[in-house]
Structure formats: C-alpha cells, structure tokens
Amino acid sequence: MQRKLVMIFLTGLIGSLPSTLCAEPVPITCTILPGEESASVLLTNSLSYAASCQANCKFSTAVYDDNPQIICAKPVPAGKQVEMCILKAAGNKLVKLVEATADCKKP
55 MQRKLVMIFL TGLIGSLPST LCAEPVPITC TILPGEESAS VLLTNSLSYA ASCQANCKFS
115 TAVYDDNPQI ICAKPVPAGK QVEMCILKAA GNKLVKLVEA TADCKKP
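So for the sequence shown, the working numbering puts the first residue at 55; every next one is plus one.
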C-alpha cells in the first residue's frame, strides 16, 4: 500500500512540473574577432518573454585537440539580441567555429 502511494505521489509530482522548465533553442552567433585571439558570442531571445539564456560556442585552433569552449549565461529581454560574452584565446589563435548552441527558459 505504501509503495503504491509513493508511486502515485511521484507520478503526480512529475506530471505537475511546469513546462517552463524546458529550455527552448534560440539563435546564436559565434564570431571570431580580428586577430583571431578572441570571439564574440551574440544570442537572440526569440521568445515572447524575458528569459534566462545560456550560450555555448566551441572553436578549433591549429593545435591538435585544442578546442576552446565558452559557456555563458545571463538574463535576456524578450526579442532582444545581446552580447553574452567574449572568449579570449589562451595562447593559440582561433581557426574556426566547431559547434554553437543556445537556449532560453523562463527564470
């Protein structure tokens, strides 16, 4: 009986989680800046509400297995594009963008 109550409670809890906990993918632009020693990360909150957003950009360098990555997060107003952060390369110049992802969710 107690096990059945626990299962009912867990099912109710899981079913009641707000859908706002799910992050929505949003547009991101990761740009290697002149000099190839830093990169700018721009994110657009395409949602209709202010959101907590996270950006992730990964780059390659001329050195084998050296792939600098930047992950940054901050609040972004609805419908706005903001510079999330700037990555400064730690010695090796950035060659190309390898991967870019971004998402936003209600805070």
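The beta-carbon is built from N, C-alpha and C at its ideal position, and this holds for glycine as well.
DSSP places E137 in the uninterrupted beta strand (DSSP E) bounded by 135 to 142. Residue burial annotation: Q123 is exposed, with fewer than 16 other C-beta atoms found within 10 angstroms of its C-beta. L97 is positioned such that its CB atom lies closer than 7 Å to that of C107. Between the beta-carbon of K147 and that of S114 there is about 10 Å, and that puts the pair past the 8 Å contact cut.
Beta bridge pairing from DSSP links S106 with P129, K159.
DSSP, reduced to helix, strand and coil, places V149 within a strand of the structure shown. Nearest in C-alpha terms to E90, of all of D120, A105, I125, A143, is A143. By alpha-carbon distance to L141, the top candidate from I86, V152, K159 is I86. Spanning the alpha carbons of M138 and N99 requires a straight line of approximately 11 Å. Between the alpha carbons of K112 and N121 lies a distance of about 6 Å. Secondary structure at V95: strand, using DSSP grouped into helix, strand and coil.
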